[in-house]
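Residue numbers (the numbering used here): 1154 to 1413. The beta-carbon is built from N, C-alpha and C at its ideal position, and this holds for glycine as well. No experiment lies behind these values; they were computed from the predicted model shown. Step one of this worksheet: look at the structure below.
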């Protein structure tokens, strides 16, 4: 992959005309095939930004461009074929099986009353295999564990065959094993990914680029090593951050302490 996949130009948002801005003008670019991590304290505007990227909310100002085209200049169906999102909240499945949930990802590619065709079935089968869900395809979604449900929602998003994958706190509410499974999956996907994360060490480990938000303001954009400094992290999160080298792997790791 090469070139700019996502271009965000001075986007801002607020819920009502007279309310304060939830997200102040923010700009950045993500090159194709890279993973962008969006980090910041609670209320920083992370989820708001992601909603603008997957066309759920219209920016008050600015533009979100995918492949050079403003996503609001294209039909919603076309946008859904390009951008897929996995959200923190998982909607009720209403008795649907795993395969039926994943099949919903093919909806943007279907027209009229056409059902699942041969091409759709091939894509569904491939993503079920990719996420190790084949043995669960006939299970009721509501009977799955948290980690299994998260894999199903990622599979549904991948069934859209998107160019861009948006992940809003994909490890939230998961135990350590399932967090590691989701992170391992992110590393293997050949997609442009934007992911919001609370864990800064996790973000530094899996992301090529980092965007830091605080109170709706962008604090910086760049590589994890250059951006996640002790000073910026301490100031943004109101903690004392220290960078340590963990033996025996010589891995950089941030530790956090409350100010005295």
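For residue 1389, the enclosing alpha helix (DSSP H) begins and ends at 1383-1390.
Taking residue 1175 as reference, the option from 1293, 1369, 1240 with the minimal CA-CA separation is 1369. As computed with DSSP, residue 1184 is found in a beta bridge with 1157. In the DSSP assignment, residue 1331 falls within the unbroken alpha helix (DSSP H) covering 1329-1341.
The stretch 1343-1354 makes no contact with the stretch 1289-1296, as fewer than three CB pairs between them are under 8 angstroms. Contact check for residue 1219 against residue 1158 passes: the beta carbons are separated by less than 8 angstroms. Per the Cβ contact rule, the stretch 1179-1192 is in contact with the stretch 1345-1359 (3 or more Cβ pairs under 8 angstroms).
For residue 1349, the enclosing beta strand (DSSP E) covers residues 1345-1349. Among the bridge pairs identified by DSSP, residue 1409 is matched with 1394.
By the beta-carbon neighbour count (other beta carbons within 10 angstroms, threshold 16), residue 1199 is buried. Here residue 1356 is near residue 1192, since their CB atoms are less than 8 angstroms apart.
Annotated three-state conformation of residue 1375 is strand, per DSSP. Annotated three-state conformation of residue 1214 is strand, per DSSP.
Around the beta carbon of residue 1298, fewer than 16 other beta carbons lie within 10 angstroms, which makes this residue exposed. Leaving aside the five residues that flank residue 1311 on each side, the residues in its chain whose CB is nearer than 6 angstroms to its CB run, in chain order, 1280.
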